[in-house]
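Worksheet for the structure shown next.
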Ligand SMILES: [Zn+2]
């Protein structure tokens, strides 16, 4: 299993690693800073270098066997199993994903309805809410600005299912119920704002989200409002 360095420190931009497997166009490493697509967040892109070679990492996905696959761009040479490599993120893109992902948590705390879907993109993101009421775009944008201005700390911690079972009040305060069966759960906490299980990459403070604006609100059925947000 690849050591997922991005889970404990989402600000790591690069790392050294050893190639443990090469499958088709996918590189599997012993450790990585690359986030594989999941939870509505795109997979990371960037580059890998070794000896005097350099290749592009176009995307990162989970393989069917659960491995983290760094997908190399067309025509690139591949490192071999056992090679020591250095991987580096397209940090500008990833950092926007982190701002967007964190902004989605803030949006979910402003609109306290069930979330039925969502998608994160560097330019535009959306959440689908199980709600019938119209959305006041200006009011939501202002509420988001307040949360950003509050500069609240954002932390992640792992908790075992046993620890969670011993603290039922913790589960009650969560906006989303934790998935069971994996032994431990990663909790995201935005101090005073949100507590929920989440495996994504977040900022360390809400201030880093910066200017965020509610865009189009689409009516996708009687009980579904799709709220788009943009970073300015
Ligand atoms: Zn999250």
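In this note's numbering, the protein residues as written are 29 to 260.
Beta carbons: idealized from backbone N, C-alpha and C, even for Gly.
Note that the structure is a prediction, hence the values are computed from the model and not measured.
Next item on the list: Determine, using beta carbons only, whether residue 222 and residue 136 come nearer to each other than 9 Å.
Entry: Yes; because the gap between Cβ atoms is below 9 Å, this pair is in contact.
Next item on the list: Return the CA-CA distance between residue 235 and residue 100, expressed in angstroms with no decimal places.
Entry: For the pair residue 235 and residue 100, the Cα-to-Cα distance works out to about 34 Å.
Margin query: Does the beta-carbon of residue 132, which I'm using as the reference point, lie nearer than 8 Å to any heavy atom of ligand 1?
Written below: Within the cutoff, so yes.
Next item on the list: Along the alpha helix (DSSP H) that carries residue 203, what are the first and last residues, could you check?
Entry: No residue range can be given for residue 203, since it is assigned to no alpha helix (DSSP H) and is classified by DSSP as neither H nor E.
Check: Can you name, in chain order, every residue of its own chain whose Cβ lies under 8 Å from the Cβ of residue 233, other than the five neighbours on each side?
Finding: The beta carbon of residue 233 sits closer than 8 Å to the beta carbons of 179, 180, 181 and 182 from its chain, once the five residues preceding and following it are set aside; these are given in chain order.
Checklist line | Nearest-angstrom beta carbon gap, residue 176 and residue 238 [assumed within contact, 8 Å] | finding: Right, the Cβ-Cβ distance comes to about 7 Å (below 8 Å), so this counts as a contact.
Margin query: Count Cβ pairs between the region 198 to 205 and the region 157 to 176 that sit closer than 8 Å; are there 3 or more?
Written below: These segments do not touch.
Check: Alpha carbon to alpha carbon, what distance is there between residue 62 and residue 243?
Finding: Straight-line Cα distance between these residues: approximately 29 Å.
Next item on the list: Run the proximity test for residue 175: is its beta-carbon closer than 8 Å to any non-hydrogen atom belonging to ligand 1?
Entry: Taking non-hydrogen atoms of ligand 1 into account, the C-beta of residue 175 is found less than 8 Å away from none of them.
Notebook entry, point to check: From this set, 127, 44 and 246, which residue's C-alpha is nearest residue 161's C-alpha?
Noted result: Closest by alpha carbon: 246.
Margin query: Give the list of continuous alpha helix (DSSP H) stretches no shorter than 4 residues that lie fully inside the region 177 to 235.
Written below: If we require 4 residues or more, the alpha helix (DSSP H) runs fully inside the region 177 to 235 come out as 189 to 193 and 196 to 201.
Item checked: Own chain residues within Cβ distance below 8 Å of residue 109, not counting five before or after -> Excluding positions up to five away in sequence, the list reads 47, 48, 49 and 50.
Item checked: Residue nearest to residue 12 in terms of C-alpha spacing, selected from 256, 54, 52 and 30 -> This structure cannot speak to residue 12, because the chain is shown only from 29 to 260.
Note to self: I'd like to know if the region 247 to 258 and the region 137 to 154 are in contact, where contact means that at least 3 CB-CB pairs between them fall below 8 Å.
What the structure shows: With the cut-off at 8 Å, the region 247 to 258 and the region 137 to 154 touch.
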